[in-house]
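A quick write-up on the structure given underneath.
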Amino acid sequence: MPIKTVKDHFHDHFSGNLISRHLNYYFLNSNENKSELIDQELELRTFNIGDIDKCAKLFKEVFSDYPWYDNWISFNQVRNYLIELIENPVFEGFLAYDDKEIVAVCLGHKRSWWMGKEFCIDEFYVANKMQGNGIGTKLMDYVKDSLIKEDYTRLVLLTNKEIPAEEFYIKNGFYTNQDRINMINEL
Ligand SMILES: CC(C)(COP(=O)(O)OP(=O)(O)OC[C@H]1O[C@@H](n2cnc3c(N)ncnc32)[C@H](O)[C@@H]1OP(=O)(O)O)[C@@H](O)C(=O)NCCC(=O)NCCS
Numbered sequence: 038m039p040i041k042t043v044k045d046h047f048h049d050h051f052s053g054n055l056i057s058r059h060l061n062y063y064f065l066n067s068n069e070n071k072s073e074l075i076d077q078e079l080e081l082r083t084f085n086i087g088d089i090d091k092c093a094k095l096f097k098e099v100f101s102d103y104p105w106y107d108n109w110i111s112f113n114q115v116r117n118y119l120i121e122l123i124e125n126p127v128f129e130g131f132l133a134y135d136d137k138e139i140v141a142v143c144l145g146h147k148r149s150w151w152m153g154k155e156f157c158i159d160e161f162y163v164a165n166k167m168q169g170n171g172i173g174t175k176l177m178d179y180v181k182d183s184l185i186k187e188d189y190t191r192l193v194l195l196t197n198k199e200i201p202a203e204e205f206y207i208k209n210g211f212y213t214n215q216d217r218i219n220m221i222n223e224l
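Letter by letter, the sequence shown follows residues 38 to 224 of my numbering.
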C-alpha cells in the first residue's frame, strides 16, 4: 500500500481525540510540519496527541516482554504514565511509522542545562517483531538531527546494564558517565 503523504498524516492525527485544550494548543503550536519521509516503508515524525493510544499499546507490548518483563497491569495504567510525560511543558516525542503502524517511539523532555540544551530520553522502544532491523538507529538519527537543528548539545538517559539496549546506545554514540550513580530511597 502506498505510504500516505505527510499532509494526510497530520490531518489524521490532529483530528483525533484530544485529551485537553492545553495539550491541543501545545502540540498544534510546537510540532506541526516536522516530518520526514526516509523511504517508502518508514516515516519519521514528531509525536502528536493523536498518537497516544498507539504509543501506549506498543509500550505495554514491548516492556512486558524480554528483557524487561515489567508488570504493567493495564493499558490505562500505561496510558496514564505516558500522559504524565506528555503533560510536561518541555515534552517532545518522535516516532517511526510504518504504513499505518507506529513501530518505534522516543519520548523525552528538554532541559536548559548550564552546559547547553539537553534532551532527556524518558522512553525509547521499538516494536518487538521489528527489533534488530535498524529502526531504532534510524529513529535515534532523526531525534539527533531534529535536536541539533534546535541547538541541543546532548542526549541523556537511564537504562539497565547488560541488556541489548546498552549495546544499542553505545553503538549510537552514548557513553556511561562514571562519576554518576543512580540513587533510590524506597518510601
Ligand atoms: C533497544 C532498542 C531500542 C534498539 O532498537 P533496534 O531497532 O532493535 O536496534 P537496531 O536494529 O538499530 O540495532 C542497533 C544495535 O543495537 C544492538 N541491538 C539491538 N537489538 C538487539 C538485540 N535484540 N540483541 C542484541 N543487540 C541488539 C546491536 O548492537 C545492534 O547493532 P548491530 O545491528 O550491529 O548488531 C530496541 O531493541 C528495543 O526497543 N528494545 C526493547 C525496549 C528497550 O530496551 N528500550 C530501551 C529502554 S532504555
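Built from N, CA and C at the ideal position, the CB exists for glycine as well. Since this is a predicted model, take the numbers as computed values, not measurements.
With residue i and residue j assumed to form a contact (beta carbons below 8 Å), what rounded beta-carbon distance in angstroms separates them?
i, j, result
"L79", "A164", "At roughly 12 Å, the Cβ-Cβ gap does not stay under 8 Å, so L79 and A164 are not in contact."
"L192", "I218", "With a Cβ gap of about 20 Å, L192 and I218 do not count as contacting."
"T174", "N209", "6 Å"
Is it the case that the Cβ atoms of residue i and residue j are separated by a distance below 8 Å?
i, j, result
"L176", "C143", "yes"
"Y118", "F156", "no"
"F131", "Y206", "no"
"I185", "P104", "no"
"I89", "R116", "yes"
"I172", "A141", "yes"
Can you give the Cα-Cα distance for residue i and residue j, rounded to whole angstroms?
i, j, result
"F100", "F161", "10 Å"
"L195", "K97", "19 Å"
"G169", "A202", "11 Å"
"Y106", "L95", "14 Å"
"I86", "I120", "9 Å"
"S183", "K147", "13 Å"
"C92", "V127", "19 Å"
"N222", "D136", "44 Å"
"S149", "D102", "34 Å"
"T213", "G145", "19 Å"
"N125", "M167", "29 Å"
"K154", "E187", "9 Å"
May I ask you to list the residues that DSSP assigns as paired with residue i?
i, result
"V142", "L132 and Y162"
"K154", "S149 and Y189"
"L194", "I158"
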